[in-house]
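First comes the structure, then the notes that go with it.
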Amino acid sequence: MNEILEAFYKLKDEKQAHFAEKLTKTTISFLGIKIPMIKTFVKHYDISYHDLQQIPLNIYVEQDILYGMFLNKLGKKKDEKYYQTFLTFTAYLDNWMCCDTFVSNTNFQKDDYDKLYELVQSLLTKEKPIQRRCGLVLLKKYFIKVLTFEQIFTLLKKVTYGNYYVDMACAWLLCSVGCYNFTCIYDHLDDIYKLSPFVYNKTIQKMKESYLISNDQKKLISYHK
Numbered sequence: 000m001n002e003i004l005e006a007f008y009k010l011k012d013e014k015q016a017h018f019a020e021k022l023t024k025t026t027i028s029f030l031g032i033k034i035p036m037i038k039t040f041v042k043h044y045d046i047s048y049h050d051l052q053q054i055p056l057n058i059y060v061e062q063d064i065l066y067g068m069f070l071n072k073l074g075k076k077k078d079e080k081y082y083q084t085f086l087t088f089t090a091y092l093d094n095w096m097c098c099d100t101f102v103s104n105t106n107f108q109k110d111d112y113d114k115l116y117e118l119v120q121s122l123l124t125k126e127k128p129i130q131r132r133c134g135l136v137l138l139k140k141y142f143i144k145v146l147t148f149e150q151i152f153t154l155l156k157k158v159t160y161g162n163y164y165v166d167m168a169c170a171w172l173l174c175s176v177g178c179y180n181f182t183c184i185y186d187h188l189d190d191i192y193k194l195s196p197f198v199y200n201k202t203i204q205k206m207k208e209s210y211l212i213s214n215d216q217k218k219l220i221s222y223h224k
């Protein structure tokens, strides 16, 4: 595994690292390796779970992303080892970039949804904000067209709000639900406000900015109080 990491470090770019630091709030250092380069790098190596555990976490942001991509590659087979490692890894997630990149590269099929749903439920109630964000981003990616709004909202009521990255992920999720089924969101705007005024405001803002929401629908939410 040391040889793989040494090859990975050779891709570092200090200029890119300085740029990335401005976009992501974290105390972890950057190597300056772009996401497409990490994806290409992962394609060239086949590793085991034992190898994966040799990758130190929370040293470099891109190294955490590398870990997540290798984990998802191993996760082509969704066994108990994968789910255990998945949940453990989320406890190390330190920032939105690692969280969202990891989730966006997951590949769950409908046969996996029962187990994934359990995982999402667990993440949404975690103390660590980025784990809660991870649960919300997974919910957005996989369950908007699977669950009813009532089922989704029941999950959202269990989440602790007040953290920017959690609240924004929730607003992003609700906006996506609104793009898919506007009536569901419009009829429950009061409930969303009770959930979190910040989430309510950001949900409306995102819906106003979306090209998937009609001008008439945007007028309706603009006048809601």
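Quick note on numbering that gives the first Met the number 0: the sequence shown kicks off at 0 and runs consecutively. The C-beta atom is built at its ideal place from N, Cα and C for all residues, glycine as well. Predicted model only: the values in this text are computed from it and were never measured.
Would you list the one or two residues that DSSP bridges to residue i?
| i | result |
| --- | --- |
| S209 | In DSSP, S209 forms no bridge with anything. |
| S121 | The partner list for S121 (beta bridge, DSSP) is empty, contrary to what the question assumes. |
| S28 | Y59 |
Could you check if residue i is buried or exposed, using at least 16 other CB atoms within 10 Å of its CB as the buried criterion?
| i | result |
| --- | --- |
| K156 | exposed |
| S103 | exposed |
| D63 | buried |
| T202 | buried |
| G240 | This structure gives no information on residue 240, because the portion of the chain shown stretches from 0 to 224. |
| D78 | exposed |
I'd like to check one pair, residue j with residue i: are the Cβ atoms closer than 8 Å?
| i | j | result |
| --- | --- | --- |
| D93 | N57 | yes |
| P128 | Y179 | no |
| G177 | I212 | yes |
| L135 | L115 | no |
| I191 | M206 | no |
| L10 | I32 | yes |
| M96 | Q53 | no |
| Y141 | S195 | no |
| Q120 | L172 | no |
| I34 | L65 | no |
Hey, could you find the ends of the alpha helix (DSSP H) residue i is sitting in?
| i | result |
| --- | --- |
| T84 | E79 to T89 |
| P128 | P128 to Y141 |
| S221 | N214 to S221 |
| M167 | Y163 to Y179 |
| P55 | No alpha helix (DSSP H) holds P55; DSSP gives it neither H nor E. |
| M0 | That residue, M0, is in no alpha helix (DSSP H); it is neither H nor E in DSSP. |
| H49 | Y48 to L51 |
| H17 | E13 to L22 |
| P42 | Looking at the sequence shown, residue 42 is not Pro but Lys. Element bounds for K42: I34 to K42. |
| T100 | W95 to S103 |
Return the Cβ separation of residue i and residue j in integer angstroms, given the expectation that the two are a contact with Cβ distance under 8 Å.
| i | j | result |
| --- | --- | --- |
| L69 | V41 | As written in the sequence, residue 69 is Phe, which differs from the Leu given in the question. About 6 Å separates the two Cβ atoms, so the contact holds. |
| K80 | Y59 | Not confirmed; about 25 Å, so no contact. |
| T89 | L51 | About 15 Å; that fails the 8 Å criterion. |
| E20 | F7 | Their Cβ separation, rounded to whole angstroms, is 19 Å, which puts E20 and F7 out of contact at 8 Å. |
| C169 | V145 | With 8 Å as the limit, C169 and V145 do not qualify as a contact, their Cβ atoms being about 18 Å apart. |
| R132 | C174 | Contact doesn't hold; Cβ gap of about 15 Å is too wide. |
Does residue i have its Cβ less than 8 Å from a Cβ in chain B?
| i | result |
| --- | --- |
| K76 | In the displayed structure, chain B is absent; only one protein chain is listed. |
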